[in-house]
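Participant:
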Amino acid sequence: MKTETVNPNIGNFIDSLREIGYSPEVAVSDLIDNSISADATSIEILTVAKPNIIFAMLDNGKGMTENELVEAMRLASKSPNEERDKYDLGRFGLGLKTASFSQCKKLTVITKKERHVFARQWDLGFIADKNEWLLITPPNLSEFPLFDGLEKRENGTLIIWQDIDKIPSDNFSETIDKLRKHISLVFHKFLEGSVSSKKIKIIVNNNPIKPFNPFNTNHPATQQIASEKINIFGSTVMVQPFILPHHSKLSKQEYDLYATEEGYIKSQGFYLYRQNRIIIYGTWWGMHKAADAHKLVRIKIDIPNSMDIHWGIDIKKSVARPSEYIRNDLKRIISRVIEKGMRPYSIRGRKIEDKTTTQFWEIIATNNKIRFAINALHPLYCNLINDLNKRQRDYLLFYLKGLEAYLPLDAIQASLQRDPLNVDQQQALSEKEISDLVKKLKESNINEEFLQELLRTEIFKNRKEMLNND
């Protein structure tokens, strides 16, 4: 059989390699994975926007020998099918390189193990020019940012990105803010110390990152639904659903915080953790439609690092596609949780049908559709209508019908979705106005029957003493 070697054009290959689709925060997360796998307890990140963008990350992990460093710089240094250590967050042996190349053209790794320092560098421009994968040993290590911090440690690893061309400098502060929020969410278990012997501290530009637990587990109104253990292909998957508190039980600051950057509607759904690190969040994987009524539902899934092939985890560790076998279990869990997730809204919605209270509005069903209508049996309404002459009554009824027909439902719904804590409809009727009405009613010598009817209305349900006191 005749064969011949056809080597790829390395320059073109590099250009393709750089377009895998990492965002800056996802790329940095890949580097943090390596630090955690190296038993780091402290990670320091330094970024500078001008005159040239600088990115450096230093950890206090176990470091590498020279041979280990060279192997770590190799593309595809490990097989994705290779059995990994229980706490290894890696996958393809590509993360360090592809994540870095997606943001910069020059990657330098300086490592220290048992006080011995070694350094290697990939320079994509140099490689393309030589058309050969030539690994550089850089001189003058003291010129690299954070190197003085590495020198003071017995072990550790320093990663530096240079010639950064994928991070725009004009909105650099927004990029770093997004990075902080991403790290606080994705690695919140490690930052909290809830992972055994894996508590870490991450500092970005001298500011420690605080953990963000997306399930608001410390709030008393958060509902933790019964968890499930699912056995899949010999491994155990833990599934824990949560129902977040209704906005009426939160401060505005707390409500905005737990909306996340994406908002409540886009943040509902599954949160997939691989070895305690979030891979993907705020997705139903096409098994359920995101809806406002379900926006408080969040379902945590914990999987080991041995199940990647069954969950379709990509090279960036930011995308997952569960297999059909797994999806059947997830669909069953969705149907179980969704009903409970709707209760914070459906319970409030049922108040309009509460027969123990006379409401201002009622729901009328006709032709398999519903509409909201002013309650014509409300005692104040009846009293008012009876006191008007026919012409006045006709005008008022026409006005009220128009009010019903043009109730701004879309605007109300949009406002409630966007910022429900800023919607305060009850301020339209002040306590003084209610007190003035009570005073006038008393002066009119209302009869006992009318009084009892008023006591059942929304206005006076919790203000009975106002009518009973002289």
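All the letters of the sequence shown, read from the start, carry residue numbers 64 to 533 under our numbering. Using N, Cα and C, we set each Cβ at its ideal position, and we do this for glycine too.
1) Have a look at K241, A468, F250 and E402 and flag the residue whose alpha-carbon is nearest the alpha-carbon of I433.
2) Determine the DSSP secondary structure at I246, reduced to helix, strand or coil.
3) Could you pull out every residue in the same chain whose Cβ sits closer than 7 Å to the Cβ of G158, ignoring the five residues on either side in sequence?
4) Pop quiz: M136 and L187 are said to be a contact at Cβ under 8 Å. What is the actual Cβ separation, rounded to whole angstroms?
5) Helix, strand or coil: how does DSSP classify V172 here?
6) Go to M301, then tell me how far its beta strand (DSSP E) extends in each direction, as first and last residue.
7) Would you decide whether W185 is buried or exposed? Buried here means 16 or more other CB atoms lie within 10 Å of its CB.
8) Locate the beta strand (DSSP E) running through I362, then write down its first and last residues.
9) Does L307 pass the burial test, meaning 16 or more other C-beta atoms within 10 Å, or should it be called exposed?
10) Less than 7 Å between the C-beta atoms of F333 and I364, yes or no?
11) For T429, count the other beta carbons within 10 Å of its own beta carbon; 16 or more makes it buried, fewer makes it exposed. Which is it?
12) Rounded to whole angstroms, what is the Cα-Cα separation between N339 and F253?
13) What does DSSP give as the partner residues of Y336 in its beta bridges?
14) What are the partner residues of P271, as DSSP defines its beta bridges?
15) Is Q166 closer than 7 Å to K229 when the C-beta atoms are compared?
16) If you drop the 5 nearest sequence neighbours on each side, which residues of the same chain put their C-beta closer than 7 Å to that of R413?
17) Check this for me: beta carbons of R361 and F278, under 7 Å apart or not?
18) Can you confirm whether the stretch 434-447 touches the stretch 505-522 when touching is taken to mean that 3 or more C-beta pairs between the two stretches lie within less than 8 Å?
19) Per DSSP, which one or two residues make a beta bridge with I223?
20) So does the stretch 375-387 actually touch the stretch 310-318, counting three or more Cβ pairs closer than 8 Å?
21) Can you list, in chain order, the residues of its chain with a C-beta nearer than 8 Å to that of N268? Leave out the 5 residues immediately preceding and following it.
22) Taking all protein chains shown into account, decide if F210 is buried (16 or more other Cβ within 10 angstroms of its Cβ) or exposed.
23) In its own chain, which residues sit with a C-beta less than 6 Å from the C-beta of K262, not counting the 5 before and 5 after it?
24) Enumerate, from N- to C-terminal direction, the unbroken alpha helix (DSSP H) stretches of 4 or more residues contained entirely within the stretch 455-510.
25) Measuring straight from C-alpha to C-alpha, what distance separates P367 and M127?
26) Residues bridged to A436 by DSSP?
27) Would you mind giving the Cβ-Cβ distance between F118 and W224, rounded to the nearest angstrom? I have them listed as a contact below 8 Å.
28) Return the CA-CA distance between I410 and S386, expressed in angstroms with no decimal places.
29) Report the rounded CA-to-CA distance for K105 versus E521, giving the unit in angstroms.
30) So, using beta-carbon positions, are A191 and I77 closer together than 7 Å?
31) Between the Cα of K603 and those of E237, D392, F181 and N234, spot the shortest distance and give me the residue it belongs to.
32) Tell me, please, which residues DSSP counts as bridged to E107.
33) Between which two residues does the alpha helix (DSSP H) carrying E214 extend?
34) Output the boundary residues of the beta strand (DSSP E) element that contains K352.
35) Ordered along the chain, which non-local residues of its own chain (more than five positions away) have a Cβ less than 7 Å from that of D274?
36) If R183 and V133 are in contact, beta carbons under 8 Å, what's the gap, nearest whole angstrom?
Facilitator: Reading it off the structure:
1) A468
2) helix
3) Sequence-distant Cβ neighbours of G158 in its own chain, meaning closer than 7 Å and more than five residues away, are D93, D96 and N97.
4) 13 Å between Cβ atoms; not a contact.
5) Three-state DSSP puts V172 in a strand.
6) S298 to I306
7) buried
8) V360 to I366
9) buried
10) yes
11) exposed
12) 8 Å
13) I341 and D365
14) Among the bridge pairs identified by DSSP, P271 is matched with I266.
15) yes
16) With a pLDDT of 48 at R413, under the threshold of 50, the modelled position of this residue cannot be trusted, and the question is left open.
17) yes
18) yes
19) A119 and T171
20) no
21) So the list reads I108, L109, T110 and I239, once near-sequence residues are dropped.
22) Here F210 is buried, its C-beta having at least 16 other C-beta atoms within 10 Å.
23) Result list for K262: G256, in chain order.
24) 472-481 and 494-506
25) 25 Å
26) The partner list for A436 (beta bridge, DSSP) reads E425.
27) Going by Cβ atoms, the distance from F118 to W224 rounds to 4 Å, so yes, they are a contact pair.
28) In this prediction, I410 has a pLDDT of 48, which is less than 50 and means its spatial position is unreliable; nothing more can be read from the coordinates.
29) A small fix is needed here, since residue 105 is Ser in this sequence, not Lys. Taking the straight line joining both Cα atoms gives about 57 Å.
30) yes
31) In the structure displayed, the chain extends from 64 to 533; residue 603 sits before or after that span and is not available.
32) L121 and I266
33) F210 to E214
34) In the DSSP assignment, K352 falls outside any beta strand (DSSP E) and carries neither an H nor an E.
35) The sequence given here has Pro at residue 274, not Asp. Cβ within range, chain order: S247, H251, L254 and E255.
36) The C-beta distance from R183 to V133 rounds to 6 Å, short enough to fall under 8 Å.
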